[in-house]
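**Student:** Below is one structure. I have some questions about it.
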Amino acid sequence: MIDKTWGSAAEAVADIPDGASLAVGGFGLSGNPIALIEALLAQGTADLSVVSNNCGVDDWGLGVLLGARRIRKMTSSYVGENKEFERQFLSGELELELTPQGTLAEKLRAGGAGIAAFYTQTGVGTQVAEGGLPRRYAPDGTVAVASPVKDVRSFAPTGEPRDYVLEEAIVTDFALVHALRGDRHGNLVFNKAARNFNPLAAMAGRICIAQVEELVEPGELDPDGIHLPGIYVHRVVEVGTGIEKRIERRTVRAATTDGSEA
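Residue numbers (our numbering): 56 to 317.
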């Protein structure tokens, strides 16, 4: 039997070196592999290049690595919830490759599927294709590094010629993901919104490390209900169902005098 379980998050991430590239699951604060992130923080790994939809918030998720100056570059599609991210980017301390969300998802999936690149309509006619998007600022506020011009070609899959921009796939050294359940073979099941970038990040990593709330024996998961097959997963760490989960924004109705909702 191929048993991919590891004893702790610290052991599972111990060989991630300085300068590594990571694909990290999560959307907002949903599905963040926080135990693995905190273990990476504790061991002091630095100079990381991270691919993730966003960078957590100031004190949680990938934000804890960012706050400790452990991230050199982020490839993301949304960065609006983290003030420290904004400060580091505008001051020239952090490189950012801003990527349309659907394109980012497909770049990760393509990397895992062995597809080197693909053409998409998303970004045609914008700086995404034409180049010039700031990736790193200089201390004086000028653009030190800008995005390059990308190849644009015309295709007519529906009979009408349209322009498409070439996007390269993403493959990273490691992937960190969170799942609801996993078995010892690495088969994973994600819960609701946590099934966002987690499967895609897992596919893109040469070595995928998954934290799971519940570890089960092989055969206990319904084969038809498995969201990510174990072929993509190399290490599994059980973190328990009591692991902290945060919500970015909570909106509730005001209560009336009789205790019911208004």
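No residue lacks a Cβ here, since even glycine has one placed at the ideal position from N, Cα and C.
Could you check the C-alpha separation between N87 and G214 for me, to the nearest Å?
**Tutor:** Rounded to the nearest angstrom, the two C-alpha atoms are 42 angstroms apart.
**Student:** Excluding the 5 residues preceding and the 5 following V294 in the sequence, name in chain order all residues of the same chain whose CB lies nearer than 6 angstroms to its CB.
**Tutor:** Here the set comprises A90, Q266.
**Student:** Across which residues does DSSP place V292 in a beta bridge pair?
**Tutor:** Partner(s): Q266.
**Student:** When the Cβ atoms of the region 68-79 are set against those of the region 266-281, are three or more pairs found closer than 8 angstroms?
**Tutor:** No, the region 68-79 does not touch the region 266-281.
**Student:** Within the continuous beta strand (DSSP E) that includes R304, where are the two ends?
**Tutor:** Where R304 is concerned, there is no enclosing beta strand (DSSP E), given that its DSSP letter is neither H nor E.
**Student:** Leaving out five residues on either side along the sequence, give the residues of the same chain with a beta carbon under 6 angstroms from the beta carbon of A193.
**Tutor:** Excluding sequence neighbours, A193 sits near G147, A199.
**Student:** Output the residue ranges of the alpha helix (DSSP H) runs that lie fully inside the region 120-166 and measure 4 residues or longer, sorted by chain position.
**Tutor:** DSSP runs (the alpha helix (DSSP H)) wholly in the region 120-166: 138-145.
**Student:** Whose C-beta lies closer than 6 angstroms to the C-beta of S85 among residues of the same chain, with five residues either side of it excluded?
**Tutor:** The residues are A248, A249.
**Student:** Which of the three DSSP states is assigned to T168 in this structure?
**Tutor:** Residue identity check: residue 168 is Ala in the sequence provided, not Thr. Residue state, collapsed to three classes: helix.
**Student:** Since E136 contacts N109 with CB under 8 angstroms, what's their CB separation in whole angstroms?
**Tutor:** Yes, they are in contact, since the Cβ atoms of E136 and N109 sit about 7 angstroms apart, within 8 angstroms.
**Student:** Between the Cα of M129 and those of Y174, E185, I225, D114, spot the shortest distance and give me the residue it belongs to.
**Tutor:** Nearest option by C-alpha distance: I225.
**Student:** Does D279 come out as helix, strand or coil in the three-state DSSP assignment?
**Tutor:** Note: D279 maps to helix in three-state DSSP.
**Student:** Could you say if the region 204-218 and the region 154-161 meet the contact criterion of at least three C-beta pairs nearer than 8 angstroms?
**Tutor:** No, they do not touch.
**Student:** With three or more beta-carbon pairs closer than 8 angstroms as the criterion, would you say the region 110-120 touches the region 276-285?
**Tutor:** Not touching, per the Cβ criterion.
**Student:** Compute the distance between the beta-carbons of A230 and A256, then report whether it is under 7 angstroms.
**Tutor:** Against a cut-off of 7 angstroms, the Cβ pair of A256 and A230 comes out as a contact.
**Student:** Considering only C-alpha positions, which residue in the set R236, S107, Y287, E272 is nearest to T296?
**Tutor:** Cα-wise, what sits closest to T296 is R236.
**Student:** Using 8 angstroms for Cβ pairs, my map puts S104 next to G81. What's the rounded Cβ distance?
**Tutor:** The pair is not a contact, with the Cβ atoms about 17 angstroms apart (cut-off 8 angstroms).
**Student:** Does DSSP classify A94 as helix, strand or coil?
**Tutor:** Three-state result, A94: helix.
**Student:** Once the 5 residues before and after E64 are set aside, which same chain residues still bring their CB inside 8 angstroms of it?
**Tutor:** In the sequence as presented, Glu is not what sits at residue 64; that position holds Ala. For A64, where only same-chain residues beyond five positions count, the Cβ hits under 8 angstroms are A90, L91, E93, A94, Q266, V292, V294.
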